[in-house]
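S.K.: 409 is the number that this note's numbering gives to position 56 of the sequence shown; each next residue is one higher, with no gaps.
The C-beta atom is built at its ideal place from N, Cα and C for all residues, glycine as well.
Mind looking over this structure? Questions follow.
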Amino acid sequence: MAGFSLQGRTALVTGARRGIGAAIAAGYAAAGADLILLARDAALEDTLEAIKLNGGGEATVITADFADPAEVEGVASALVSERRVDILVNNAGTIRRAPATETQTADWQHVIDVNLNSTWAVTRPIGAAMVAQGEGKIITIASLLSFQGGITVPAYTASKHAVAGLTKALANEWAASGVQVNAIAPGYISTDNTVELRADLEREAAIRERIPAGHWGRPEDLVGAAVFLASASSDYVNGHVLAVDGGWLAR
Numbered sequence: 354m355a356g357f358s359l360q361g362r363t364a365l366v367t368g369a370r371r372g373i374g375a376a377i378a379a380g381y382a383a384a385g386a387d388l389i390l391l392a393r394d395a396a397l398e399d400t401l402e403a404i405k406l407n408g409g410g411e412a413t414v415i416t417a418d419f420a421d422p423a424e425v426e427g428v429a430s431a432l433v434s435e436r437r438v439d440i441l442v443n444n445a446g447t448i449r450r451a452p453a454t455e456t457q458t459a460d461w462q463h464v465i466d467v468n469l470n471s472t473w474a475v476t477r478p479i480g481a482a483m484v485a486q487g488e489g490k491i492i493t494i495a496s497l498l499s500f501q502g503g504i505t506v507p508a509y510t511a512s513k514h515a516v517a518g519l520t521k522a523l524a525n526e527w528a529a530s531g532v533q534v535n536a537i538a539p540g541y542i543s544t545d546n547t548v549e550l551r552a553d554l555e556r557e558a559a560i561r562e563r564i565p566a567g568h569w570g571r572p573e574d575l576v577g578a579a580v581f582l583a584s585a586s587s588d589y590v591n592g593h594v595l596a597v598d599g600g601w602l603a604r
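Take a look at the structure:
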């Protein structure tokens, strides 16, 4: 299993306070990586405890407001000037639900800034450093709505289509430099972003009935894919959006 080890690697995970980001951070700790956690605030006690329980090494917390891509880029640029980053997981994201006719421009811009513009703001300086060092792994959390339109989430859908496209564009540019750029598209996962869906009993049942696995996923269900894409075992995987969805897209 040496090909899946992250021993001696440093992983930067954004949005790691809870949910998918926290699960991936703990999974990387178990695989041997040191962690840098980039979050909106420093209240990451639960994630840090999970890292510790998983035998993790060093874990550092830094903060930035993902609604401010300029701030995020400044933080990422300063970080990579001081520390080597081997793995980047772009997980930070948000969603705002409303019919397109009722979606306010401010809400649209907020979602695009957090999900797309701040992903670019982190990835550009860290990816440039990876290209210079001749290796690196970049994994962005995409969505089923990187493939589909969804309902009442136009900004979210646009942002997730965009990060899938960005994944492929950067893979084309950086593959020859030893940098693999991929994405994971989670299915319907029990996180804060899906609280409203799960509270709507009719909608929840309709979603669950379409999932071949017959149930919603958990954040921990993403860890195996995230470790694979961060490890040497995926060195010839590039520009791919890997669905972890219980079979949703197959139906």
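Would you list the one or two residues that DSSP bridges to Thr367?
M.R.: Leu391
S.K.: Return the chain-ordered list of same chain residues with a C-beta closer than 8 Å to the C-beta of Asn591, the five sequence neighbours on each side being excluded.
M.R.: Ala524, Ala528, Gln533, Val534, Asn535
S.K.: Check each candidate in Gly361, Trp473, Pro539, Ile415 and name the one with the smallest Cα separation from Asp574.
M.R.: Pro539
S.K.: From Ala395, Val516, Thr400, Arg477, pick the residue whose C-alpha is nearest to that of Gly427; which is it?
M.R.: Arg477
S.K.: Of the choices Arg449, Ile389, Val580, Asn407, whose alpha-carbon is the least far from that of Glu435?
M.R.: Proximity to Glu435 across Arg449, Ile389, Val580, Asn407 peaks at Ile389, based on C-alpha coordinates.
S.K.: Quick check for students: name the residue ranges of the alpha helix (DSSP H) that lie wholly in the stretch 479–543, counting only runs of 4 or more.
M.R.: 507–527
S.K.: With respect to the alpha helix (DSSP H) encompassing Ala382, which residues constitute its N-terminal and C-terminal limits?
M.R.: 372–383
S.K.: Quick check: what's the CA-CA separation for Gly487 versus Ser530?
M.R.: 5 Å
S.K.: Using DSSP's beta-bridge definition, name the partner residues of Ala596.
M.R.: Paired residue(s): Ala538.
S.K.: Going by CA-CA distance only, name the one from Trp461, Ala474, Glu402 that's closest to Ala431.
M.R.: Ala474
S.K.: Should Tyr589 go down as buried or exposed, given a rule of 16 or more other Cβ atoms within 10 Å for buried?
M.R.: exposed
S.K.: Output the boundary residues of the beta strand (DSSP E) element that contains Leu441.
M.R.: 440–443
S.K.: Could you give the distance in angstroms between the alpha-carbon of Ile415 and the alpha-carbon of Leu365?
M.R.: 10 Å
S.K.: Report the rounded CA-to-CA distance for Asn546 versus Tyr509, giving the unit in angstroms.
M.R.: 11 Å
S.K.: Indicate whether Ile494 and Ile373 have their beta-carbon atoms separated by less than 9 Å.
M.R.: yes
S.K.: Of the residues Gly518, Gln501, Ala420, which one's Cα is nearest the Cα of Trp461?
M.R.: Ala420
S.K.: Mind reading off the beta-carbon distance from Ala375 to Gly408? Whole number of angstroms is fine, and I expect it under 8 Å.
M.R.: At roughly 16 Å, the Cβ-Cβ gap does not stay under 8 Å, so Ala375 and Gly408 are not in contact.
S.K.: Flag this pair as touching only if the stretch 500–509 and the stretch 437–456 have three or more C-beta atom pairs under 8 Å; answer yes or no.
M.R.: Contact between the stretch 500–509 and the stretch 437–456 is established, with three or more Cβ pairs separated by less than 8 Å.
S.K.: List the endpoints of the continuous alpha helix (DSSP H) containing Val433.
M.R.: 422–435
S.K.: Does the beta-carbon distance from Ser353 to Ala585 come in below 9 Å?
M.R.: Nothing about residue 353 can be read from this structure; the chain reaches only from 354 to 604.
S.K.: Can you tell me which of Pro572, Asp439, Leu519, Ala459 puts its alpha carbon nearest to the alpha carbon of Thr472?
M.R.: Across the set Pro572, Asp439, Leu519, Ala459, the C-alpha of Leu519 shows the shortest separation from the C-alpha of Thr472.
S.K.: Using a 10 Å radius around the Cβ and a threshold of 16 neighbouring Cβ atoms, would you call Ala559 buried or exposed?
M.R.: exposed
S.K.: In whole angstroms, what is the alpha-carbon distance linking His568 and Val548?
M.R.: 15 Å
S.K.: Could you say which of Gly368, Ala378, Asp439, Arg362 lies nearest to Ala481 if we only look at CA atoms?
M.R.: Asp439
S.K.: If we count the other Cβ atoms within 10 Å of its Cβ and call it buried at 16 or more, is Leu406 buried or exposed?
M.R.: exposed
S.K.: Evaluate Gly600 with the Cβ neighbour count: other Cβ atoms within 10 Å of its Cβ, from every protein chain shown; 16 or more gives buried, anything less gives exposed.
M.R.: So Gly600 ends up on the exposed side.
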